[in-house]
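Chains A and B, in that order, are what the protein sequence lines are.
10 is the number of the first residue of the first sequence in my numbering; add one for each residue after it.
2 is the number of the first residue of the second sequence in my numbering; add one for each residue after it.
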Amino acid sequence: MLIEKSILEAKRQLGERIFQIKLFSPRIAKLAKPGQFCNIKVSESDFPLLRRPFSISNVEGDSIYFLFDIHGEGTKILSEKSLGDELDILGPLGNGFNYDGDYSTAIIVAGGLGSAPFPFLTSKLDKKKVVSFVGARNSSLVLTEDLLNVQAATDDGSLGFKGTVVELLTDYVEKNNLTSFRIFSCGPNPMLKALQQICIERNYDCQISIECAMACGFGICQGCPVETTNGEGYKLVCKDGPVFEAKEVKL
Amino acid sequence: MSKIDLSVNIGSLKLKNPVLLASGTVGYGNEISQLTDISKLGGIVTKSLSLKPRKGNPPQRIVETPSGMLNAIGLANVGVEVFIKEKIPFLKELNTTLICNIAASSIEEYVECVKILTSEETIQAFEINVSCPNVREGGLIFGNDLSSVGRITEQVRAATNKPIIIKLSPNVPKIADFAEIVKKEGGDAVSAINTLVGASFDIYTRKPKIKNVTGGLSGPAIKPVAIAKVLEIKRNVDIPIIGLGGIMNWKDAAEFMIVGASAIQVGTANFINPNAGNEIVDGLEEFCSQQKIIKLSEMIGSYQI
Ligand SMILES: Cc1cc2nc3c(=O)[nH]c(=O)nc-3n(C[C@H](O)[C@H](O)[C@H](O)COP(=O)(O)OP(=O)(O)OC[C@H]3O[C@@H](n4cnc5c(N)ncnc54)[C@H](O)[C@@H]3O)c2cc1C
Ligand SMILES: Cc1cc2nc3c(=O)[nH]c(=O)nc-3n(C[C@H](O)[C@H](O)[C@H](O)COP(=O)(O)O)c2cc1C
Ligand code: FES
């Protein structure tokens, strides 16, 4: 983990409020692992005061990518940055996905902006079969770039299956009699909760990346607790996560 | 530049410079030391310790507010025993002044913690947190009561020879009265201020944004309040003051020293810029050299009113 002043090299608008940015950040790029995140200072002033956390979406040579949507003031400022602007980035933070092991199929389950970490993870899964279930409220919010074997699900049926990615997943596992697989997931809490329940019931091997409000992002403020299921109190999302075994935490 | 003397004294505690990192904003030093050189700082104050571990409040614990943040961490900490076993060995290597902050739910617990910890050589002073707004017992109940603060000071004083700093609550009508009683009961210094009680609601759900409903406000938003409190103490009581509240940079630090702080602490700023403390040390040194100040301590209480 380190702080790197990083130059904005490219910016693409992927939807009405969705952006991808590419930053020249060689030191962070070198250390980054899929599922880790960075805490970005979006302005040079004290407004907004806190950094904003974003998953590392991909790494390409000396550059890192982030994928985000305009949520409030901070992400709005970030979306207005120009090429050549310098951003103060703290990272890489947290523990990423654990994708080692002798399972044969990697299943990605993403909801909305939860697609963000998966291009990077996908790039490391070259020895596995990869399938990706990507969902959102409607087609304009389904983010599938750089993912493999994508099946989409939308709440309104405007793209792919009308329903949830969790239904797509269970269907797929049953139809193919899959036994050797691992699920990697990120997305809104209701989706993660539904997934978590299925995975616990059926004893699926599943890792989820979760979000919560953060101040520091590296373990010094104690502001980001998540309750553990073993009754031992809280873990910190920023330092112990953001990726957890699905059965390990209460959402 | 190197000729400028940055050292300050807090009673018998000598610091190589006045910049400390505040309790609850540096953990036990291990994470932040990866991002900044702690040995160049005046010292660090560790997260409030209680006798037994505390798991802290349920989420959500923090929310950003205009120029600040609210927190209700609930004093999540590892407890005295684990602190000694697992944290002290690392802290020992940091080569900086270590101030150990204690928060308890009873006077007996404060005394017990100090008694156990006082034999740890690495700890150079105690900061007694009588002002945490986020736990039901202890904390503010003590911090808002003059006689409790007096009794805690007196009894902790009897339990250790090390310097005792009492961390005061700003949530009181007259903070100078509290500094006065600390002095009378043998405390070496006061820290001012802890967080201000605040709350924030979501207008759509009509629910509080943090689970505890109220939390402690910190960050630039509270700096003018903190400056006024430090000044109030300085003008009324002859006791060393450690100033904090919203310090983001060296200018803020200088302002605190001018109104009477002998040392300062950096809190919320660490979350945003973990190197803020060192930048403040450099900034103060530069300021002294520009202002032809040879001893930084000359600046303490040098206000012109
Ligand atoms: C580990 C992690 C990874 C993330 N990755 C991405 C990503 O890749 N792409 C993306 O678009 N977004 C991601 N987010 C969410 C993103 O951080 C927020 O959308 C962003 O902080 C919003 O900032 P804002 O100023 O625009 O919104 P505002 O709503 O104005 O302000 C956000 C404030 O709310 C707090 N906050 C942020 N997220 C939450 C939350 N989940 N629950 C409660 N409070 C919160 C923040 O601390 C901040 O102070 C991630 C969050 C985390 C924790
Ligand atoms: C997340 C957080 C946790 C804190 N925890 C403690 C604590 O455990 N003990 C304590 O004495 N003060 C604690 N404080 C208060 C700070 O030490 C400091 O007094 C206050 O935040 C004001 O300074 P600042 O505006 O520079 O942050 C905490 C503050 C924050 C923001
Ligand atoms: S965000 Fe500060 S400890 Fe996790």
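Just so it is clear, CB atoms sit at the ideal spot from N, CA and C, and this is done for glycine as well.
From Asn239(A) to Gly302(B), what does the alpha carbon distance come to, in whole angstroms?
53 Å
Since Ile234(B) and Ala193(B) are thought to touch, with beta carbons under 8 Å apart, how far apart are those beta carbons, to the nearest angstrom?
6 Å
Are the CB atoms of Gly110(A) and Gln45(A) nearer to each other than 8 Å?
no
Nearest chain A C-beta to Glu128(B) closer than 8 Å, yes or no?
no
If you draw a straight line from the C-alpha of Lys163(B) to the C-alpha of Val260(B), how long is it?
26 Å
Can you tell me whether DSSP reads Val252(A) as helix, strand or coil?
strand
Helix, strand or coil, according to DSSP, for Phe77(A) in the structure here?
strand
Between the region 154–162 of chain A and the region 223–235 of chain A, do at least 3 Cβ pairs fall closer than 8 Å?
no
Where Phe227(A) meets chain B, residues with beta-carbon distance less than 7 Å:
Glu32
Would Phe91(B) and Gly30(B) be called neighbours here (beta carbons separated by less than 8 Å)?
yes
Thinking C-beta only, is Asn102(B) closer than 8 Å to Asn145(B)?
no
Report yes if the C-beta of Glu65(B) is less than 7 Å from at least one heavy atom of ligand 1; otherwise report no.
yes
Candidates Ile273(B), Thr37(B), Val9(B) and Asn78(B): which alpha carbon is nearest Ser52(A)'s?
Ile273(B)
With DSSP run on the structure shown, which of helix, strand or coil describes Cys289(B)?
helix
Between which two residues does the beta strand (DSSP E) carrying Met200(A) extend?
Unbroken run through Met200(A) is the alpha helix (DSSP H), Asn198 to Arg211; no beta strand (DSSP E).
Out of Asn195(B), Leu76(B), Ser68(B) and Asp38(B), point me to the one whose CA is closest to Leu52(B)'s CA.
Leu76(B)
Quickly, what does DSSP pair Pro62(A) with across the bridge? List them, please.
Asn48(A)
Exposed or buried, what is Ile306(B) when buried is set at 16 or more other beta-carbons lying within 10 Å of its beta-carbon?
exposed
Is it a yes or a no for the region 151–168 of chain B touching the region 200–214 of chain B, going by three-plus beta-carbon pairs under 8 Å?
no
Does any heavy atom of ligand 3 sit closer than 7 Å to the C-beta of Lys248(A)?
yes
Pull up the distance between the alpha-carbon of Ile192(A) and that of Ala203(A), whole angstroms please.
14 Å
Assigned exposure category for Val214(B) - 16 Cβ within 10 Å defines buried
exposed
With hydrogens ignored, establish whether the beta-carbon of Ala73(B) is closer than 7 Å to any heavy atom of ligand 3.
no
Of all the CB atoms in chain B, is at least one closer than 8 Å to the CB of Phe56(A)?
yes
How about Leu99(B) and Gln125(B): do their beta carbons lie closer than 8 Å?
yes
Could you tell me if the beta carbon of Gly24(A) falls within a distance shorter than 7 Å of some heavy atom in ligand 2?
no
Give me the DSSP bridge partner(s) of Cys233(A).
Cys233(A) is not bridged to any residue.
Apart from the five residues on each side of it in sequence, which residues of its chain come closer than 6 Å, Cβ to Cβ, to Gln292(B)?
none
Between which two residues does the beta strand (DSSP E) carrying Gly199(B) extend?
Leu197 to Ala200
Any C-beta of chain B within less than 7 Å: which residues of the region 204–230 of chain A qualify?
Cys221, Ala222, Ala224, Cys225, Phe227, Gly228, Ile229 and Cys230
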